[in-house]
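Comments concern the structure below.
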Amino acid sequence: MPPSRLALALLASLGPGSAALAAPTHYPLTVENCGVRLTFAQAPAQAVTIGQAGTEMFYALGLGERLAGTSLWFNEVAPQFKAQNDKVERLADNEPSFEAVIGKRPGLVAVQFEWMVGPQGVVGTREQFAELGVPTYLLPSDCEGKDNLNGADGTRLDTFRIDSLYKSIEQLAQIMDVQERGAALVSQLQARLAQVTATAGERRAQDQSALFWFSSADLDTDPYVAGRKGIPDFMLNSLGMRNVVESDEEWPSVGWETLAKANPTFIVIARMDRRRFPADDYRKKLEFLRNDPVTRNMDAVKHDRIVIIDADAMHAGVRLVDGIEVLAAASQKLRKAD
Amino acid sequence: MHHAVARLALRSLAHALWVGALLSVALIAAASIGETRLGLSMVLQVLANHLWAAGYPLDPIDAGIIWNYRLPRALVAGACGAGLASAGAVLQALLRNPLADPYLLGISAGASTGAVLVTLLGVGAGMLSLSGGAFLGALAAFALVTLLARSARGSSSNNGQIILAGIAGSQLFNALTSFLITASASAEQARGLMFWLLGNLSGVRWPAVGLALPVVLAGLLVCLWHRRALDAFTFGSDAAAALGIPVRRVRLLLVACTALMTAVLVSIVGAIGFVGLVIPHAVRLLGGPRHTRLLPLSALCGALFLMAADVLSRTLLKGQVLPIGVITALIGAPVFALILVRGRHAR
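Top line first, the protein sequences correspond to chains H and B.
Per this note's numbering, the very first residue in the first sequence carries number 2; after that it's consecutive.
Per this note's numbering, the very first residue in the second sequence carries number 9; after that it's consecutive.
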């Protein structure tokens with residue numbers, strides 16, 4: 002669907018209750034964001050994104066034309082956003098340099114992860130950007146209820162709430178002065194999520210458990226898996242499924258011995274374009290699971306219950322519901338078979 | 009005469025028996041302790057199934073964990089401990105320097121650079137694993153250090169040269185590693201690397217055993233073959249030369265042998281510190297400086313020490329695996345300090 006038609010479709014699905022939100026934004030606008038107060042004198046003409054989740058939020062809001070650069074990609078852009086994305090410069094596949102971002106003179110930098118722009122940000126710190134008058138908007142999903150100084154990818158203090166995803170869409174829409182589209186996008190996601198969880202709710206899947214394997218530093222070593230309270234855990238819980246990993250770190254490394262003994266119903270493996278470690282390739286993960294003398298005896302491997310989900314759909318972005326839908330389909334299929 | 013030979017054979021047999029028994033007990037103990045609870049009887053049944061086809065009906069996951077994860081891990085830990093400790097003993101004698109350890113030759117620094125090149129810059133385009141890169145890096149660093157030491161020859165006492173060359177090489181490779189990490193690593197990548205740099209046995213399977221055990225056994229045999237020469241070297245290379253030992257050739261052979269052994273071990277498990285430094289000193293205190301005893305005892309103690317350290321690393325924090333290098337340093341550093349203090353009092 003072209004962006005204008007998409008925006009129209011979003012507008013059409015706008016419920017009457019969101020009328021208050023749908024008013025044009027009043028400037029100057031102040032937004033509290035992850036402990037920093039951002040002030041906008043007017044709607045930013047140009048923005049840069051660090052992280053695919055924020056990038057695709059811009060596209061879903063029909064804001065591709067106001068995006069000057071993107072970075073930190075995990076997957077191909079979602080097909081419905083391809084036309085918009087083709088016109089936007091990709092500053093870097095992974096993290097961009099500070100100057101590449103600043104060089105675009107952005108009125109806003111939308112950032113997916115705190116470790117990109119936090120106190121030890123690999124791109125730069127939020128203060129460094131602020132000194133140059135560039136406001137950085139950090140997606141609330143990566144800072145609210147989360148301690149990013151503890152554990153390599155941070156540790157969740159509170160369970161991830163889907164509201165933080167809606168909040169990031171609404172706030173970005175507000176900053177960019179497209180509140181109607183923001184409200185429409187949120188209600189569309191809410192409706193899809195309600196539908197997929199309702200179907201799961203009819204037949205509870207409490208007896209089903211799962212493991213999310215993101216990658217590993219080396220193929221045979223302890224893998225990075227999704228911990229409790231994080232986003233993949235939310236995906237499982239919304240379908241009544243249980244995560245077999247019991248750490249509160251966002252992506253802890255847990256030994257195969259523990260994982261094999263936990264013997265989950267499903268193994269979810271991340272598919273991504275990143276090739277930093279051999280195990281980034283989902284085919285390498287499949288090969289390992291099927292050939293390792295221990296993991297090949299796990300129920301999920303023996304009965305081919307390995308679910309492949311895009312890494313981007315395991316993050317708090319507009320594709321999160323896509324990921325939940327894939328997972329729900331696998332869960333449904335198994336219960337029908339039983 | 010016959011009497012003496014028979015007595016010697018009997019004594020070696022007795023030694024082999026108790027060493028074998030000790031190592032077997034340690035292996036079984038290491039295989040029965042881990043992240044999850046799988047008891048001693050299960051380990052014995054798994055062993056019986058594999059060694060005598062006893063046919064105990066066991067859960068394939070339980071059996072697999074013991075046979076394919078824990079046993080290779082314990083064996084490689086043992087081989088590493090034995091290899092690093094005996095390499096340390098040999099280098100301390102050859103270089104007449106109590107601070108010599110297997111990493112002195114730039115091996116761990118080179119291995120780090122190799123691992124970083126593979127992980128960060130994608131050298132080898134996915135064909136080269138982290139450990140492959142580490143091995144090549146270790147060899148490159150050792151070659152450089154050897155070249156440096158050789159071209160710096162001139163003075164008669166050339167022990168100092170290889171130590172200085174090793175320090176220079178290590179500094180150079182460490183600087184390269186730091187440069188690469190600063191220039192292009194993200195937090196995630198740094199984590200992946202730190203994990204490996206501090207020593208990591210979590211990816212060890214049977215193929216690693218097939219590599220580590222023969223290499224360590226061969227290396228140990230070569231060093232043992234030269235035990236008398238090593239005894240002579242402790243009194244200096246002039247003393248060794250006076251005893252008719254071809255100093256240059258033997259030194260080169262033994263240094264190369266320990267370097268190769270260490271490079272292989274480092275590429276499998278990462279840089280595990282303090283074993284090569286501390287174990288030989290502790291064994292000298294217990295069993296004296298003669299290499300006939302020092303080498304096998306160092307190997308044995310190193311093996312037991314690293315097997316125990318690996319078990320500790322897996323069980324100290326529940327649900328989390330500590331890098332084994334952290335454990336060896338936590339135990340090794342205080343022990344090393346103790347040896348230093350004792351050494352001063354003795355003087």
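Each residue gets a CB set at the ideal place from its N, CA and C atoms; glycine is no exception.
Close beta carbons around residue i, own chain, < 7 Å, minus the five adjacent residues each side
i	result
Gly207(B)	Val277, Gly278, Ala279, Ile280, Pro331, Ile332, Gly333
Ala329(H)	Val197, Thr200, Ala201, Leu240
Ser164(B)	Low confidence applies to Ser164(B): its pLDDT is 44, below 50, so where it sits in the model is not reliable, and the reading given next is rough at best. Excluding sequence neighbours, Ser164(B) sits near nothing in its chain.
Ala21(H)	Because Ala21(H) sits at a pLDDT of 48, beneath the cut-off of 50, its placement in the model cannot be relied upon, and the point is left open.
Ala176(B)	Leu156
Contact set for residue i: own chain, Cβ-Cβ below 6 Å, skip 5 residues either direction
i	result
Ala90(B)	Val224, Ala307, Gly310, Ala311
Val385(B)	Look at the range of chain B in this structure, 9 to 355, and you will see that residue 385(B) is not part of it.
Val245(H)	Ser210, Leu212, Ala263, Pro265
Phe235(H)	Phe161
Gly146(H)	Leu158, Asp159
Asp306(H)	Note on identity: in this sequence residue 306(H) is Arg, with Asp being the wrong assignment. Cβ neighbours of Arg306(H) beyond the five flanking positions: Phe267.
Pro408(H)	Beyond the ends of chain H as shown, which are 2 and 339, falls residue 408(H); an answer cannot be given.
Val322(H)	Leu190, Arg193, Leu194
Ser40(B)	Leu48, Val51
Where the alpha helix (DSSP H) through residue i begins and ends
i	result
Trp233(B)	214-233
Val322(H)	321-338
Gly86(B)	79-102
Phe235(H)	232-239
Leu68(H)	Segment 68-70 is the beta strand (DSSP E) holding Leu68(H); no alpha helix (DSSP H) there.
Tyr60(H)	53-61
Ile103(H)	99-103
Ile69(B)	68-72
Arg38(H)	Looking at the DSSP string, Arg38(H) is not in any alpha helix (DSSP H); the run it does join, the beta strand (DSSP E), is 37-41.
Val118(H)	115-118
Asp311(H)	Looking at the DSSP string, Asp311(H) is not in any alpha helix (DSSP H); the run it does join, the beta strand (DSSP E), is 307-311.
Proximity of residue i and residue j at Cβ, strictly below 8 Å
i	j	result
Arg157(H)	Lys83(H)	no
Met315(H)	Pro233(H)	yes
Arg272(H)	Ile325(H)	no
Ala271(B)	Phe150(B)	yes
Ile74(B)	Leu35(B)	no
Ser275(B)	Ala148(B)	no
Ser72(H)	Ala46(H)	no
Val283(B)	Pro80(B)	no
Asp159(H)	Gln113(H)	no
Ser178(B)	Ala117(B)	yes
Glu77(H)	Asp274(H)	yes
Glu57(H)	Arg320(H)	yes
Ala312(H)	Ile268(H)	no
Leu205(B)	Val84(B)	no
Leu109(H)	Pro136(H)	yes
Ala317(H)	Leu166(H)	yes
Leu133(H)	Glu115(H)	no
Residue i, DSSP secondary structure in three states
i	result
Ile163(H)	coil
Ser216(H)	strand
Asp178(H)	coil
Tyr138(H)	strand
Asp154(H)	coil
Phe243(B)	coil
Ile280(B)	coil
Arg276(H)	coil
Glu250(H)	strand
Asp87(H)	helix
Pro224(H)	strand
Phe150(B)	helix
Leu129(B)	helix
Ser137(B)	coil
Arg355(B)	Confidence at Arg355(B) is low in this model, with a pLDDT of 43, below 50, so its placement is unreliable and no value can be given for it.
Leu92(H)	coil
Range of the contiguous beta strand (DSSP E) that encloses residue i
i	result
Leu30(H)	30-34
Pro110(B)	Looking at the DSSP string, Pro110(B) is not in any beta strand (DSSP E), and its letter there is neither H nor E.
Leu25(B)	Note, Leu25(B): premise wrong, no beta strand (DSSP E); alpha helix (DSSP H) at 10-40.
Ala307(B)	Here Ala307(B) belongs to no beta strand (DSSP E); instead the alpha helix (DSSP H) covers 299-323.
Phe289(H)	No beta strand (DSSP E) holds Phe289(H); the alpha helix (DSSP H) holding it covers 283-292.
Ala111(H)	109-112
Contacts around residue i, its chain only, beta-carbon distance under 8 Å, and the 5 residues preceding and following it disregarded
i	result
Leu66(B)	Met50, Gln53, Val54, Asn57
**Report entry** the stretch 241-256 of chain H in contact with the stretch 211-225 of chain H per 3-pair CB rule at 8 Å
**Finding:** In this structure the stretch 241-256 of chain H lies against the stretch 211-225 of chain H, because at least three pairs of beta carbons, one per stretch, are closer than 8 Å.
Requested in this report: Indicate whether the contact test is met: 3 or more Cβ pairs, each with one atom in the stretch 107-124 of chain H and one in the stretch 37-55 of chain H, closer than 8 Å.
Outcome: The way I'd put it, the stretch 107-124 of chain H does touch the stretch 37-55 of chain H; three or more beta-carbon pairs between them come closer than 8 Å.
Query raised in the report: Should the stretch 288-301 of chain B be regarded as contacting the stretch 10-20 of chain B, the criterion being three or more beta carbon pairs within less than 8 Å?
Result: Remark: fewer than three beta-carbon pairs, one from each stretch, lie closer than 8 Å, so the stretch 288-301 of chain B and the stretch 10-20 of chain B are not flagged as touching.
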